[in-house]
Amino acid sequence: MTTQQLTRNQGLVFDVLSHSDGPLSAYSILDKLRDSGFRAPLQVYRALDKLLEFGLVHRLESINAFVACAHPEEDCHAHGLTAFTICETCGKVTEFHDHVIEDRLKGFARDRNFKTGKTTIEIRGTCAGCA
129 MTTQQLTRNQ
139 GLVFDVLSHS
149 DGPLSAYSIL
159 DKLRDSGFRA
169 PLQVYRALDK
179 LLEFGLVHRL
189 ESINAFVACA
199 HPEEDCHAHG
209 LTAFTICETC
219 GKVTEFHDHV
229 IEDRLKGFAR
239 DRNFKTGKTT
249 IEIRGTCAGC
259 A
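Quick note on the numbering used here: the sequence shown kicks off at 129 and runs consecutively.
Printed below as a string of C-alpha cells:
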C-alpha cells in the first residue's frame, strides 16, 4: 500500500503522524485535524485501523499511542518482530528490528509448540539525549 492509495482521512492521519515529533494518542490526532473537518474520534480510529492494517503506523500499547512506521517502504508485516525504544523523559520513539532477538523468540515459541501472531517489544527508559 502506498500513501497515494489512501483515503482522504487516512492520508490526513498518516500525515499528522509522519510529521509528529513523537507518538500521538487518537485524541491528539483528532485535535490536530479539527480544522480539516474531523469531528469525532471514530473518524480517527477508522483511519488508524486501516493504517495499522497497511503497516504504515504502529500502536504503542504501553502508552496507548501511535507512531508512523519508520520505514513504510518496507513491509513491516514481513518482520516477525517490531521493537521500539521509548524515552520516558522526552517521548522519543525509535523503531528497530533485530533478527537475533527475532530468531531467539521464534525458537522459544517453536520449542513450546506456540504459534505466534504479532510480536512487539517496547523498551522504556531514557534516551541518550536525556540521560
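Just so it is clear, CB atoms sit at the ideal spot from N, CA and C, and this is done for glycine as well. Please read these numbers as outputs of a predicted model, since none were measured by experiment.
- Judged by their CB atoms, residue 144 and residue 161 are nearer to each other than the 8 Å cut-off.
- Annotation for residue 140: 161 and 164 place their beta carbon closer than 7 Å to its own, counting only its chain and skipping 5 residues before and after.
- Contact between residue 188 and residue 247 does not hold, since their C-beta atoms are separated by about 14 Å, which reaches or exceeds 8 Å.
- Under the DSSP assignment, residue 237 falls in the alpha helix (DSSP H) whose first and last residues are 227 to 239.
- For residue 188, the enclosing beta strand (DSSP E) starts and ends at 185 to 188.
- For residue 255, the CB contacts under 6 Å within the same chain, skipping 5 residues up- and downstream, are 215 and 220 in chain order.
- For residue 196, the closest C-alpha among the options 238, 258, 153 and 136 is that of 153.
- For residue 223, the enclosing beta strand (DSSP E) has its first and last residue at 221 to 224.
- The three-state reading of DSSP puts residue 154 in helix, counting H, G and I together.
- For residue 176, the enclosing alpha helix (DSSP H) covers residues 169 to 182.
- Residues 208 and 209 of the same chain have their beta carbon placed closer than 6 Å to that of residue 230, with the five preceding and five following residues left out of the count.
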